[in-house]
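Here the structure comes first, spelled out in structure tokens, and everything after it is commentary.
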Amino acid sequence: MRYIKVFLLFVVLAGFPATAGQAQEKPFDASGSIVTGSVWELRNSRRVLLLVRRSNVVDSRGQAKAIINEIYKADPEAPVRYPRLFNSLARRLNKYMSKRRNITAVKNVSDADFIVFFNLLEIRRPLGVPYPYGEMFVILNDRSGVKPPRIVWKTRKNSMWAEDAIEEFINDLK
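Read in order, the letters of the sequence shown are residues 21 to 194 in our numbering.
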């Protein structure tokens, strides 16, 4: 009897991570999740805008709408609030851009084909060194006005170190 319990526990635990990983891979509709597209939709997009913000409001009902509103209400002339974080993310994106030569950076939301948005949640300071944690979103910005802007990619975890988040996006983009 004891071996049966151990075997059943092993089966349940072995199957759990596989089902959790599969749930994140599928694109979802707006009612089920905030991701309403796929990273493959970026294959023809050339212009990217990088934004780093710290949201003040958390809206559990319409998180996608709150994130998109946060991006579009941003002042394009405002100085970068988290320059160290912005520069580390930009450095990694620039490295990808110089290798692939298929995307370029822009300065305005209206010029961007897609927007890489890092939502800073907290800054942890183990041993006195700051490590920014948050979520990264990629928003497809349809400038023709046919489709509304929508989130096509999100980090798999709710809170990730910024370097890991940009690395995860670039790996999925390749």
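Beta carbons are placed, not taken as given, at the ideal position from N, Cα and C, and that holds for glycine.
Checklist entry - So the alpha helix (DSSP H) N191 belongs to, where does it begin and stop? => result Numbered from its first residue, the sequence shown carries residue 191 at position 171. It spans A182 to L193 - the alpha helix (DSSP H) in which N191 sits, taken as one unbroken run.
Checklist entry - Does the distance from the CB of V68 to the CB of V129 come in under 8 Å? => result For the purposes of this step, residue 68 is identified with residue 48 of the sequence shown, where counting begins at 1. For the purposes of this step, residue 129 is identified with residue 109 of the sequence shown, where counting begins at 1. Not a contact, by the Cβ cut-off of 8 Å.
Checklist entry - How many angstroms separate the CA atom of T124 from the CA atom of I190? => result Residue numbering aside, residue 124 sits at position 104 when the sequence shown is read from its first letter. Residue numbering aside, residue 190 sits at position 170 when the sequence shown is read from its first letter. Using only the alpha carbons, I get a separation of about 14 Å.
Next on the checklist: Give me, in chain order, the residues of the same chain whose beta-carbon lies closer than 6 Å to that of I186; leave out the 5 immediate sequence neighbours on both sides.
Outcome noted: Stepping through the sequence shown from its first residue, residue 186 is reached at position 166. Correct list, in chain order: L109 and R112.
Checklist entry - Taking just the CA atoms, how far does R66 sit from I135? => result Here the question's residue 135 lines up with position 115 in the sequence shown. Here the question's residue 66 lines up with position 46 in the sequence shown. Cα to Cα, the separation comes out at about 11 Å.
Item to check | Between the CA atoms of K174 and I88 - distance to the nearest angstrom | outcome: For the purposes of this step, residue 88 is taken as residue 68 along the sequence shown, with counting starting at 1. For the purposes of this step, residue 174 is taken as residue 154 along the sequence shown, with counting starting at 1. In this structure, the straight-line span from the alpha carbon of I88 to that of K174 is close to 13 Å.
Checklist entry - Opposite G154 in the DSSP bridges: which residues? => result Indexing the sequence shown from 1 puts residue 154 at position 134. L140 and M180, per the DSSP bridge assignment.
Next on the checklist: When you compare the CB positions of N178 and E142, do they come within less than 8 Å of one another, or not?
Outcome noted: Here residue 178 refers to the residue found at position 158 of the sequence shown. Here residue 142 refers to the residue found at position 122 of the sequence shown. The answer is no: Cβ separation not under 8 Å.
Item to check | C-alpha distance - P152 paired with E188, whole-angstrom precision | outcome: Position 132 of the sequence shown, counted from the first residue, corresponds to residue 152. Position 168 of the sequence shown, counted from the first residue, corresponds to residue 188. If you take the alpha carbons of P152 and E188, they lie about 16 Å apart.
Checklist entry - How big is the Cα-Cα spacing for L193 and N161? => result Within the sequence shown, the letter at position 173 stands for residue 193. Within the sequence shown, the letter at position 141 stands for residue 161. Rounded to the nearest angstrom, the two C-alpha atoms are 17 Å apart.
Next on the checklist: Give me, in chain order, the residues of the same chain whose beta-carbon lies closer than 7 Å to that of P169; leave out the 5 immediate sequence neighbours on both sides.
Outcome noted: Reading the sequence shown from its first residue, position 149 is the one you call residue 169. The residues are I88, I159, L160, N161 and D162.
Checklist entry - When DSSP builds the beta bridges, which residues end up paired with T124? => result Reading the sequence shown from its first residue, position 104 is the one you call residue 124. Partner(s): R67.
Checklist entry - What does V72 pair with, by DSSP beta-bridge criteria? => result Here residue 72 is taken as the residue at index 52 of the sequence shown, counted from 1. Partner(s): F138.
Checklist entry - Does DSSP classify I171 as helix, strand or coil? => result As a position in the sequence shown, residue 171 is number 151, starting the count at 1. Note: I171 maps to strand in three-state DSSP.
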